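These notes concern the structure reproduced below.
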Amino acid sequence: MKGGSANAVFNKKFVEIANPTDAPVSLDGWSLQYRSATGSAAFSTSGLAGTVPANGTFLVTMAGNGATGAELPAADDTATLNTSGTTGTLVLSDQSQALTLPTGAIAAGTAGVVDLLGYGASNTFEGHVRTVDGGNTVPNGLVRQGTVDSDDNAADFSVTTTLTPTNAAGETAPTTPTDPTEPTDPGAPAEAVTIAQLQGTTDTSPYVGKTVVTKGVVTAVYATGGFNGYTVQTPGTGGAIDLGTHTASDGVFVFSSATASRVAAGDYVELTGSVSEYYGLTELNVAAGGMTKRTETVPAPQAATVAFPASDAQRESLESMLVAPQGDYTVADNYTTNQYGEIVLASGTKRLIQPTEVARPGSAAAKAVEADNAARKVTLDDGGSTNFLTQANKSIPVSWLTQGPVTVGAAATFTKPVVLDYRNDSWKFQPTSPITGATAKTDLPATFSNVRTAKPQDVGGDLKLAGFNVLNYFPTTGDQLTGCSYYTDRDGDPVTVNSGCDARGAAEQEDFERQQVKIVKAINGLGADVVSLEEIENSAEFGQDRDAAVATLVGALNAATGADTWAYVKSPKTLPASEDVIRLALIYKKDRVAPTGESTILIDPAFTNARQPVADAFRPVGGTADDEFLVIANHFKSKGSGTGENADQGDGQGASNADRVKQATALAAFSTKMQTQYGTDKVFMLGDFNAYSQEDPMVVLDDAGYTDLGPALDSSEWSYVYSGLSGSLDHVLASPAALATVTGVDIWNINSVESVALEYSRYNYNATNLYTDDVYRASDHDPILVGFDLTGDTTPTDPGTDPTDPGTTPGGGSTPVPAPGAGSAPVAPSESSLTDANRGTVTAPSSARPGETITIGVGAQYAGQRVHVWMFSTPTLLGTVTVAADGSVRVTIPADAPAGSHRIVVTAADGSVIGWTTITIDPVTGALAFTGADLTGGIAAALLLLAAGAGVLVARRRRGVRGRVSA
4 MKGGSANAVF
14 NKKFVEIANP
24 TDAPVSLDGW
34 SLQYRSATGS
44 AAFSTSGLAG
54 TVPANGTFLV
64 TMAGNGATGA
74 ELPAADDTAT
84 LNTSGTTGTL
94 VLSDQSQALT
104 LPTGAIAAGT
114 AGVVDLLGYG
124 ASNTFEGHVR
134 TVDGGNTVPN
144 GLVRQGTVDS
154 DDNAADFSVT
164 TTLTPTNAAG
174 ETAPTTPTDP
184 TEPTDPGAPA
194 EAVTIAQLQG
204 TTDTSPYVGK
214 TVVTKGVVTA
224 VYATGGFNGY
234 TVQTPGTGGA
244 IDLGTHTASD
254 GVFVFSSATA
264 SRVAAGDYVE
274 LTGSVSEYYG
284 LTELNVAAGG
294 MTKRTETVPA
304 PQAATVAFPA
314 SDAQRESLES
324 MLVAPQGDYT
334 VADNYTTNQY
344 GEIVLASGTK
354 RLIQPTEVAR
364 PGSAAAKAVE
374 ADNAARKVTL
384 DDGGSTNFLT
394 QANKSIPVSW
404 LTQGPVTVGA
414 AATFTKPVVL
424 DYRNDSWKFQ
434 PTSPITGATA
444 KTDLPATFSN
454 VRTAKPQDVG
464 GDLKLAGFNV
474 LNYFPTTGDQ
484 LTGCSYYTDR
494 DGDPVTVNSG
504 CDARGAAEQE
514 DFERQQVKIV
524 KAINGLGADV
534 VSLEEIENSA
544 EFGQDRDAAV
554 ATLVGALNAA
564 TGADTWAYVK
574 SPKTLPASED
584 VIRLALIYKK
594 DRVAPTGEST
604 ILIDPAFTNA
614 RQPVADAFRP
624 VGGTADDEFL
634 VIANHFKSKG
644 SGTGENADQG
654 DGQGASNADR
664 VKQATALAAF
674 STKMQTQYGT
684 DKVFMLGDFN
694 AYSQEDPMVV
704 LDDAGYTDLG
714 PALDSSEWSY
724 VYSGLSGSLD
734 HVLASPAALA
744 TVTGVDIWNI
754 NSVESVALEY
764 SRYNYNATNL
774 YTDDVYRASD
784 HDPILVGFDL
794 TGDTTPTDPG
804 TDPTDPGTTP
814 GGGSTPVPAP
824 GAGSAPVAPS
834 ESSLTDANRG
844 TVTAPSSARP
854 GETITIGVGA
864 QYAGQRVHVW
874 MFSTPTLLGT
884 VTVAADGSVR
894 VTIPADAPAG
904 SHRIVVTAAD
914 GSVIGWTTIT
924 IDPVTGALAF
934 TGADLTGGIA
944 AALLLLAAGA
954 GVLVARRRRG
964 VRGRVSA
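The numbering of the sequence shown is my numbering, which starts it at 4 and goes up by one.
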């Protein structure tokens with residue numbers, strides 16, 4: 004708070020906001036507030052905008068008391084507060100309105116107070132006031148001890164003379180002055196070195212702290228944008244270099260705001276300055292008189308034609324050099340593109356993958372995925388440190404996104420050389436001059452392929468089912484409630500609710516309509532007949548009918564189709580005593596299916612911190628009881644928080660994994676109960692499980708006999724992107740009987756792969772308004788679409804009829820082999836490829852029952868690889884799965900598998916046969932193949948009569964059970 008005063012370290016006052024969590028936190032709608040030490044009236048306020056990165060900091064600067072001190076790093080935001088350097092009260096508030104707090108100790112949890120610091124002789128504080136040493140001329144400041152907040156200012160803060168203000172980009176004040184001083188001994192000449200000598204062969208220059216003179220050709224200039232410098236490279240270097248022998252870089256970054264505007268690419272310069280390591284980047288600090296342009300002609304440096312190096316040592320050998328990246332690159336992340344103009348890439352044709360999506364947590368295979376991610380990750384930057392979300396920079400068109408879509412999974416093609424450097428703990432490709440959204444597309448160094456799809460892939464089937472997270476769809480907008488604070492656009496207009504009330508969605512009706520049109524187009528575009536919804540408003544929490552929000556969405560869907568197409572499953576009579584403000588819901592097309600009875604909500608202690616699953620059965624219009632299927636919608640506890648057994652264990656599964664395991668266990672039991680209640684064993688459990696495909700909750704459900712259809716039939720697509728890693732938190736799980744009907748699966752990548760800048764929640768955040776009323780970024784999760792065939796005729800008929808087919812039994816028919824192109828299904832191996840040479844190289848149990856989940860030994864050498872498991876004689880895909888660290892996989896025998904001898908075949912991702920073995924499928928005995936329940940009493944007697952008329956008797960029994968439930 005003493006910035007600019009005599010003897011001050013920095014010339015401005017500053018506040019650094021820290022985020023100790025693993026998720027970025029937006030400050031839009033928040034404020035810094037200040038009150039004098041003796042004041043008791045309302046606080047002075049200054050609005051905030053921008054995002055504090057996960058486990059990062061955010062720098063807010065204020066005018067100094069004078070001009071003494073060094074420059075601060077680039078501010079993430081500025082405040083207009085006039086704070087005392089020695090005594091006062093400062094508040095970080097999650098609202099924009101001025102607070103009026105009592106004097107004295109402020110209780111934890113006080114509305115509007117995220118954090119409060121009373122310092123000096125302040126009359127308002129947390130716990131005890133934090134004293135300050137000396138007046139404004141004593142150069143010191145207050146710093147928190149780590150990020151622990153005990154709500155006691157005296158304990159949490161201490162006085163320090165070592166101040167390291169750090170912005171969201173990870174930049175702090177330079178360890179050397181902005182304009183470095185000349186060598187302390189002007190009589191001692193600077194040592195002449197080549198750039199390669201200056202760089203050295205390790206990650207630290209051997210000349211750190213020394214003054215040197217070197218020569219080089221300017222290859223990139225960053226006079227604007229925040230870098231305040233340029234790169235130079237030794238003449239004639241680069242080109243087709245061998246990374247095996249090229250051990251020292253021939254380029255270096257010159258930090259020199261005094262000379263950056265005086266050079267241009269191609270200039271040959273002599274430089275004198277001091278060498279430093281700035282957070283891993285070797286820099287030559289050059290003052291105003293330290294640069295001289297030379298006149299002799301030298302060969303121009305060439306861009307190094309190399310693939311992205313897999314090791315840090317090889318990358319160091321290219322630091323600050325021109326490169327022409329060779330090989331394939333794929334967009335892996337665009338979450339921070341709208342803020343910092345950077346795009347995370349993966350070398351190669353594949354995205355970066357969440358390790359626990361394809362391997363068990365903590366396994367060697369998971370660690371191998373982590374290593375692969377690290378070896379392939381590189382960030383394409385925009386040549387600047389501009390934060391486009393600060394109020395000062397929102398008028399600058401955002402880089403990359405303005406020129407066209409940048410979608411995760413797109414191929415990146417380099418058309419111009421870039422510079423490889425190291426900033427913010429990441430290796431980055433920098434353009435040779437700063438770019439923004441105003442830069443012509445032809446002047447950008449890279450282009451991106453268009454991988455968007457206007458509609459889902461054809462998944463086949465006579466019916467389709469989908470899950471869709473509707474991103475806090477709240478018809479109850481913030482302006483209808485009291486106490487709401489908001490995230491605002493660049494004009495200060497509220498867009499979405501921040502905090503202070505129970506609404507979680509749009510701020511005003513106009514914002515809600517922007518959100519709704521995207522969701523409506525996406526759901527109608529799915530072509531699904533039944534859709535489960537997550538994150539939809541529980542209208543009962545606002546004193547309305549519980550189904551009001553669902554009814555609003557259905558009305559909008561129907562308005563868009565121009566017909567009475569959709570309906571919703573009404574809430575049941577029995578409801579949980581306590582619910583979240585968001586809930587689950589089921590909607591369906593009336594001319595395709597109809598619910599068979601009242602829905603059921605799972606009321607179980609396991610879901611006290613999550614949304615309670617909801618179940619209902621559906622019958623195709625014109626179908627029979629044998630065609631009915633059960634749908635259970637889910638939304639498990641998130642990964643963001645937890646204590647005790649729910650604390651993050653560091654194995655990649657995040658917090659609250661223990662609770663998600665309990666929820667999965669309760670769900671499996673609920674499904675078994677619902678099968679009896681609704682009279683069908685065709686079960687689809689879908690929704691947001693907040694667990695990746697190989698994490699413990701999904702293993703629980705796999706062990707219970709369910710098949711996760713995404714990894715099994717659409718393993719090249721995922722539903723979510725977090726921290727640059729792709730994986731599926733959203734799943735559709737099928738029971739064996741349901742699996743036998745599945746024809747295809749598609750994860751429709753329209754949301755998670757698109758920049759958050761396209762969301763309704765970012766409307767008018769930048770001079771380039773990226774919002775459009777299309778399907779892209781309707782939510783942050785991607786919908787999953789499943790096609791399936793039932794035995795009944797789905798041609799619309801008189802819904803009053805209830806035909807039965809005595810010749811059809813539940814779960815009848817063999818598992819279909821999806822056609823190529825339907826959900827990217829693999830192709831079955833030929834009979835001729837099953838030879839004696841590859842027999843016995845995989846293992847399986849000698850026998851199994853229909854519906855039983857078995858373990859197959861593939862071999863530890865295949866750990867972490869995706870393989871396809873088949874059952875012959877008629878080729879039946881049992882699943883596409885990842886081989887565990889012990890070399891095994893688990894698959895489920897179809898419920899309708901005929902008794903007798905079969906072959907289990909395992910093929911690699913390219914279709915080649917890994918091996919095969921034989922297995923005997925035992926005939927069905929007196930146990931239900933799926934649930935394992937013993938058949939006793941009346942149930943056994945009823946099934947013994949199946950020989951006399953199976954279809955009729957089973958259909959009647961189901962109707963009887965369902966009738967008792969709904970009576």
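Ideal Cβ placement from N, Cα and C applies to all residues, glycine included.
Every value quoted in this text rests on a predicted model; they were computed, and no experiment measured them.
When secondary structure is reduced to three states using DSSP, Y865 falls in the helix class. Here the region 477–489 does not lie against the region 733–746, with fewer than 3 beta-carbon pairs under 8 Å apart. Secondary structure note for T675: its alpha helix (DSSP H) is the uninterrupted segment 660–681. By the Cβ test, the region 147–159 is not in contact with the region 67–77, since fewer than three Cβ pairs between them sit closer than 8 Å.
When DSSP states are grouped into helix, strand and coil, P623 belongs to the strand group. Proximity of the region 17–32 to the region 48–62 meets the contact definition, three or more beta-carbon pairs being nearer than 8 Å.
A distance below 6 Å between beta-carbons, with the five flanking residues on each side excluded, links Q460 to the following residues of its chain, in chain order: D749. For the options T103, A741, E855, P786, the alpha carbon positioned closest to that of L474 is the one of P786.
By the CB criterion at 7 Å, E322 and T382 fall outside the cutoff. Counting only the Cα atoms, Q615 lies some 28 Å from V361. Under the three-state reduction of DSSP output, R265 falls in the helix class. Counting only unbroken stretches of 3 or more residues, the beta strand (DSSP E) elements lying wholly within the region 853–916 are 856–860, 869–875, 879–885, 891–895, 903–910, in sequence order. For S726, DSSP assigns no beta-bridge partner whatsoever. Separation of the CB atoms of R663 and P700 is rounded to 4 Å, and the pair is thereby assigned contact status at 8 Å. Residue burial annotation: G212 is exposed, with fewer than 16 other C-beta atoms found within 10 angstroms of its C-beta. Residue environment: L93 is assigned as buried (16 or more neighbouring CB atoms within 10 Å of its CB, all protein chains considered).
Taking 3 residues as the shortest admissible run, the region 335–398 contains the following complete beta strand (DSSP E) segments, listed from N- to C-terminal end: 346–350, 380–383. Looking at the backbone, the Cα of H131 and that of V520 are separated by about 51 Å. In this structure, the alpha-carbon of A661 lies about 52 Å from that of D253.
Taken atom to atom, the span from the alpha-carbon of A563 to that of D31 is near 33 Å. By the C-beta density criterion, T577 is exposed, having fewer than 16 other C-beta atoms within 10 angstroms. Residue state for Q518 is assigned as helix, using DSSP reduced to three classes. The beta-carbon distance between F451 and V409, rounded to whole angstroms, is 5 Å. This is short enough to meet the 8 Å contact definition. With three or more CB-CB distances shorter than 8 Å, the region 700–713 counts as touching the region 664–671.
By the neighbour-count criterion, in which a residue is buried when 16 or more other Cβ atoms sit within 10 angstroms of its Cβ, T300 is exposed.
Here the C-alpha atom of E373 lies approximately 39 Å from the C-alpha atom of S260.
Spatial neighbours of L837 in its own chain (CB-CB distance under 6 Å, excluding positions within 5 residues in sequence) are listed in chain order as W919. DSSP places D315 inside the alpha helix (DSSP H), whose first and last residues are 315–319. In the three-state DSSP reduction, T564 falls in the helix class (H, G or I).
Minimum Cα-Cα distance from G138 among the listed residues V759, G112, Y122, G88 corresponds to G88. Short of 6 Å from the beta carbon of I399, and not among the five residues preceding or following it, lie these beta carbons of its own chain, in chain order: T439. Around the CB of Q864, fewer than 16 other CB atoms lie within 10 Å, so the residue is classed as exposed.
Of the residues assessed, V63 falls on the buried side of the cut-off, its CB having 16 or more other CB atoms within 10 angstroms. Excluding residues up to 5 positions away in sequence, V498, Y766, N767, Y768 lie with their Cβ nearer than 7 Å to the Cβ of D492 in the same chain.
Residue E280 holds the alpha-carbon nearest to the alpha-carbon of T175 among V117, D97, E280.
For T479, the number of other beta carbons within 10 angstroms of its own is at least 16, and it is reported as buried.
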